[in-house]
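**Q** Quick one: structure below, then a few questions.
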Amino acid sequence: MTKHQVKFLILKGYHILKNGVPTKVEDGLWEYLDTLDEKDDSIVILEDALKLSDEELALVKYKA
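Read left to right, the sequence shown gives residues 107 to 170 (the numbering used here).
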């Protein structure tokens, strides 16, 4: 995944990647994240992904 792809998904209204699939969260992102299993590492917050290095971001699973 690239920063360009992340920015594009954010512009399209997506908030997270869940198992590599872009997902919109309608009723509060943090409340939604609180409902997930803490051990679930298949969630990537797109805003946070912009802070990753290009090398780290390349490892993020993304299903276009």
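Note that the Cβ used here is the ideal one computed from N, Cα and C, for glycine as well. Since the structure is predicted, the reported quantities are computational estimates derived from the model, not experimental observations.
Restricting to Cα atoms, I'd like to know which of 156, 150, 158 and 157 is closest to residue 167.
**A** Ranking 156, 150, 158 and 157 by Cα distance to residue 167 puts 150 first.
**Q** Rounding to the nearest angstrom, what Cα-Cα distance links residue 110 and residue 139 in this structure?
**A** Taking the straight line from one Cα to the other gives about 24 Å.
**Q** Which first and last residues belong to the alpha helix (DSSP H) in which residue 169 is found?
**A** Unbroken run through residue 169: none, as it is neither H nor E.
**Q** Below 8 Å on the Cβ atoms is my contact criterion, and I expect residue 159 with residue 124 to pass it. Report the Cβ-Cβ distance as a whole number of Å.
**A** Contact doesn't hold; Cβ gap of about 22 Å is too wide.
**Q** Using C-beta distances below 6 Å, list every residue in its chain close to residue 119, excluding the 5 sequence neighbours before and after it, in chain order.
**A** Excluding positions up to five away in sequence, the list reads 130.
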